[in-house]
Structures are given as C-alpha cells and as structure tokens.
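The block underneath contains the structure these notes are about, expressed in structure tokens.
Next comes the structure, spelled out in structure tokens:
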C-alpha cells in the first residue's frame with residue numbers, strides 16, 4: 231500500500247514543481263495530490279468507528 | 065499591503081509550517097510516539113499548506129495561490145475534526161499524549177482553523193495583486209524557508225517509509241516496520 235509514504239513523496243514533488251517548474255504543472259500536481267489525500271481519508275473513514283460507547 | 069511585504073509574510077508562514085513539522089518530529093523522536101494513519105494524513109496536509117506560499121514567493125502573490133492553501137486547510141481541519149470525534153466520548157483518553165492539555169489532533173484542528181483565518185486576512189489586501197507580473201528576485205530569507213519546508217517534507221517521506229514499511233500502516237503503530245529485527 232504505502233499510501234502515506236507516496237502522499238508525502240507527492241507533496242515533495244508538488245513543492246519541487248512549485249519552486250522550479252511551471253505554475254500550471256504545480257497547480258495540476260497539487261490538485262491530484264489533494265484529491266488523493268481526500269480519497270485516502272474517505273477510505274479510512276469508511277472503517278467502522280471504534281467509539282467508546 | 066505591498067507585494068514585497070506579502071512575500072515576506074508568506075515566507076514567515078513557511079517558517080510556521082516548518083515549526084509545526086519540527087514539533088511533530090520532536091514528539092515522534094523524543095516521546096517515541098509514532099503517528100497513526102490519520103495523524104500522518106494531518107501532517108501531510110500541514111506540508112501541503114506550504115505549496116501556496118511557495119507559489120507566492122516564486123511567482124508573486126495571486127488569489128489562486130491562497131486558494132490552494134485554503135483548500136488544504138479545509139481538508140486538514142476535516143481530518144483533524146474526525147479524529148477529535150473519534151475520541152469525544154467521556155472516559156476516552158484519546159490517542160497519544162497531550163501537549164498543554166490538548167492532543168495533537170486538537171492542536172492540528174486549531175492550527176488549520178488559524179490558517180484559514182490568516183489566509184482570509186491576507187486576501188483582504190488587494191494591493192499585493194495589482195503590481196506587475198514580472199518575477200521578482202527571491203531573497204535569502206524566503207529561499208531558506210522554502211528549502212527548510214522541502215527538507216522536512218523529504219525527511220517525512222523517509223520517516224513514513226521506515227514506520228509503515230511497504231504494506232499498510234498499522235492503526236496504532238508502536239515500532240518502525242523497516243527497523244524490526246528478523247527473529
């Protein structure tokens with residue numbers, strides 16, 4: 231899986247693109263990374279909550 | 065607000081993000097508290113908050129750059145709110161230790177909320193967007209801020225790989241998967 235390692239790597243790539251690449255590329259990579267992080271959050275949020283009641 | 069003042073404030077924002085990432089590392093390394101998956105997701109959002117200020121420093125302030133950080137802060141606040149709600153019931157001691165009375169995910173929610181307010185406040189100053197679109201030379205203060213945040217994000221890549229290994233990250237990690245000794 232490694233989804234969190236890949237997400238951190240993706241954020242680093244977005245930063246590199248923002249600093250050295252074009253603005254369009256950085257914004258496109260940012261959008262993809264944000265959507266990926268939301269998708270991973272929703273995947274984890276679909277787990278059964280282990281609340282204390 | 066002039067363009068150069070806005071860029072300086074964006075650089076200060078990058079130092080603030082670096083400080084948050086450093087404190088998170090401090091808790092991980094000094095207290096030996098490994099971040100859970102939801103904690104990692106919040107840490108990722110803090111790193112992503114830096115993309116907007118980096119774009120502002122490089123290309124000059126634009127509303128779309130602030131929007132990048134606003135979207136990230138909204139997502140981060142939602143992730144932190146879920147973790148708060150997971151431990152909201154009386155008797156639940158929460159995940160990890162508390163810092164000044166609040167758990168890290170509560171501090172994360174406060175941090176993202178503060179970021180939303182700060183970004184909205186920055187957007188109030190139209191004058192920063194009116195100057196010419198030519199790229200300005202980036203000063204050492206802002207350049208160092210970008211490198212610091214980038215270095216801390218790269219360290220998080222390594223740290224997360226060591227913690228989670230090549231599989232799914234455990235819900236309650238207590239050891240670094242890649243540093244486990246073979247039996």
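Protein chains in written order, with our numbering: chain A, 231 to 283; chain B, 65 to 247. A virtual CB, placed ideally from N, CA and C, is assigned to each residue, including glycine.
CB of residue i within 8 angstroms of CB of residue j, strictly
| i | j | result |
| --- | --- | --- |
| residue 146 of chain B | residue 275 of chain A | yes |
| residue 263 of chain A | residue 221 of chain B | no |
| residue 193 of chain B | residue 107 of chain B | no |
| residue 74 of chain B | residue 115 of chain B | no |
| residue 102 of chain B | residue 143 of chain B | yes |
| residue 118 of chain B | residue 231 of chain A | no |
| residue 191 of chain B | residue 65 of chain B | yes |
| residue 260 of chain A | residue 180 of chain B | no |
| residue 112 of chain B | residue 241 of chain A | yes |
| residue 219 of chain B | residue 240 of chain B | no |
| residue 239 of chain A | residue 247 of chain A | no |
Cβ distance (whole Å) where residue i is taken to contact residue j below 8 angstroms
| i | j | result |
| --- | --- | --- |
| residue 213 of chain B | residue 82 of chain B | 5 angstroms |
| residue 176 of chain B | residue 140 of chain B | 4 angstroms |
| residue 148 of chain B | residue 168 of chain B | Not confirmed; about 11 angstroms, so no contact. |
| residue 134 of chain B | residue 216 of chain B | In fact, because the Cβ distance is near 22 angstroms, the residues do not count as touching under 8 angstroms. |
| residue 71 of chain B | residue 206 of chain B | 6 angstroms |
Interfacial residues, the region 132-150 of chain B to chain A, with Cβ spacing under 7 angstroms
Cβ contacts with chain A: 132, 135, 136, 139, 143, 146 and 150.
Length at least 3, wholly inside the region 169-224 of chain B: the beta strand (DSSP E) runs in chain order
Listed in chain order, the beta strand (DSSP E) runs fully inside the region 169-224 of chain B amount to none, counting runs of at least 3 residues.
Interfacial residues, the region 246-270 of chain A to chain B, with Cβ spacing under 8 angstroms
Against chain B - using a Cβ distance shorter than 8 angstroms - the residues of the region 246-270 of chain A are 246, 248, 249, 253, 256, 257, 260, 263, 264, 267, 268 and 270.
At 4 residues or longer, what runs of the alpha helix (DSSP H) sit wholly inside the region 97-156 of chain B?
Taking only runs of at least 4 residues, the alpha helix (DSSP H) segments lying wholly in the region 97-156 of chain B are 101-112, 115-123 and 127-150.
Residues of the region 215-245 of chain B in Cβ contact with chain A at a cutoff of 7 angstroms, in chain order, please.
Contacts with chain A (Cβ-Cβ distance below 7 angstroms) from the region 215-245 of chain B involve 217, 218, 220, 221, 224, 225, 228, 230, 231, 232 and 233, listed in chain order.
Check whether the region 184-193 of chain B touches the region 153-168 of chain B, taking contact to mean three or more Cβ pairs, one atom from each stretch, closer than 8 angstroms.
Proximity of the region 184-193 of chain B to the region 153-168 of chain B falls short of the contact definition, fewer than three beta-carbon pairs being nearer than 8 angstroms.
Proximal residues, the region 87-102 of chain B versus chain A, C-beta separation under 8 angstroms:
Shown in chain order are the members of the region 87-102 of chain B whose Cβ falls below 8 angstroms from a Cβ of chain A: 101 and 102.
Got a sec: which bits of the region 234-245 of chain A sit with their beta carbon under 8 angstroms from any beta carbon on chain B, in order along the chain?
For the region 234-245 of chain A, the beta-carbon criterion of a distance under 8 angstroms to any beta-carbon of chain B is satisfied by 234, 235, 237, 238, 239, 241, 242, 244 and 245.
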